[in-house]
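Novice: One structure is given below, represented as structure tokens, and several questions about it will come after.
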Amino acid sequence: MTRKQVLDIARQRRIPLAAIVLLLVANVLAYGYLTAYQQPELDRIRGEWFAKRRMAVGEKDQSRPALYAQGVRELEEWRARVMVKKDFAPFLSRLFSSASRRNLQLAGITYKPAVESGKSMTSYAIGFSVKGKYGEIKSFLSDLLAMREMVVVDGIDLSNSKSTEEQVELRMQLTAYFRLERP
């Protein structure tokens, strides 16, 4: 193809060629704007946001000694939450009183002790059911979750025998952990 042929083609297809050149120029200008202005501005704003976020949370020391000290503190807090085995009866008493404060009928309770192997701890698998109004049962669950003791809710079953009554029955399985002796 000679130069004259290329110029003839350009004259015949002036509008499509102008559109292609215009799109090419617009693309180059948009890329230049993004890389020269918008990306540095975005990086600066992102850096400011992360700095504000770190300040709001409070900069934590992530060094090994600081992490070790934090782990020791959390372990001591956990140990303080584990009751002594002789506190099992008072724990059940608090459970019963919480149910009675909420006007719930405690239908029965079963428990099975299990010694945790390799640890100076024992656990009690506790099962019970309470009957009462739905709102009172929700409040009882809230009381249970607010307890400081190491209690794990293993299962909850909520049932209503009559759809016209507000009375519901809650069957619950818990595991409570106790120390065998004081440290």
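With full-length UniProt numbering, you'll find the sequence shown wraps up at 183, consecutive numbering, no jumps.
Ideal placement from N, C-alpha and C gives every residue a C-beta, glycine not left out.
All of these numbers come straight from a predicted model, not from anything done at the bench.
Note down, in chain order, each residue of its chain lying with its Cβ closer than 7 angstroms to the Cβ of PHE88, except the 5 sequence neighbours on either side.
Specialist: Answer for PHE88: TYR124, PHE178, listed in chain order.
Novice: Let me check understanding here. Comparing Cα to Cα, which of TYR68, LYS85, ILE45, LEU106 lies closest to SER129?
Specialist: For SER129, the nearest C-alpha among the options comes from LEU106.
Novice: List the DSSP bridge partners of GLU169.
Specialist: DSSP lists LYS131, SER159 as partners of GLU169.
Novice: Classify ALA176: buried if its beta carbon has 16 or more other beta carbons within 10 angstroms, exposed otherwise.
Specialist: Classification of ALA176: buried, given that the 10 Å Cβ count is 16 or more.
Novice: Just to confirm before moving on: does the CB-CB distance between LYS85 and LEU170 stay below 8 angstroms?
Specialist: No, the Cβ-Cβ distance between LYS85 and LEU170 is not below 8 angstroms.
Novice: Give me whichever residues DSSP pairs with THR122 in a beta bridge.
Specialist: VAL115, PHE178, per the DSSP bridge assignment.
Novice: Only counting the same chain, and skipping five residues up and downstream in sequence, which positions put a Cβ closer than 6 angstroms to that of VAL82?
Specialist: Cβ neighbours of VAL82 beyond the five flanking positions: MET150, TYR177, ARG179.
Novice: Per the DSSP calculation, GLY108 is bridged to which residue(s)?
Specialist: Looking at the DSSP assignment, GLY108 forms a beta bridge with SER129.
Novice: Taking all protein chains shown into account, do 16 or more other C-beta atoms lie within 10 angstroms of the C-beta of SER98, making it buried, or fewer, making it exposed?
Specialist: The residue is buried, with at least 16 neighbouring Cβ atoms inside 10 Å.
Novice: How many angstroms separate the CA atom of ARG54 from the CA atom of GLN62?
Specialist: Near 13 angstroms, if we compare the C-alpha coordinates of GLN62 and ARG54.
Novice: How far does the alpha helix (DSSP H) with GLU41 in it extend, from its first residue to its last?
Specialist: Residues 39 to 57.
Novice: What is the C-beta distance between GLY155 and GLN167, in whole angstroms, given that I count them as a contact (C-beta under 8 angstroms)?
Specialist: That pair is no contact at about 21 angstroms.
Novice: Can you name the residues that DSSP bridges to VAL25?
Specialist: BP columns for VAL25 are empty, so no partner.
Novice: Could you check the C-alpha separation between ASN103 and TYR111 for me, to the nearest Å?
Specialist: Their Cα atoms are separated by approximately 23 angstroms.
Novice: Thinking ILE109 and ILE126 are a contact (beta carbons under 8 angstroms), I'd like their distance in whole angstroms, please.
Specialist: Right, the Cβ-Cβ distance comes to about 7 angstroms (below 8 angstroms), so this counts as a contact.
Novice: Would you call GLY32 buried or exposed, if buried means 16 or more other Cβ atoms sit within 10 Å of its Cβ?
Specialist: Exposed, because fewer than 16 other Cβ atoms sit within 10 Å of the Cβ of GLY32.
Novice: When you compare only the Cα positions, how much space is there between LYS131 and ARG94?
Specialist: If you take the alpha carbons of LYS131 and ARG94, they lie about 17 angstroms apart.
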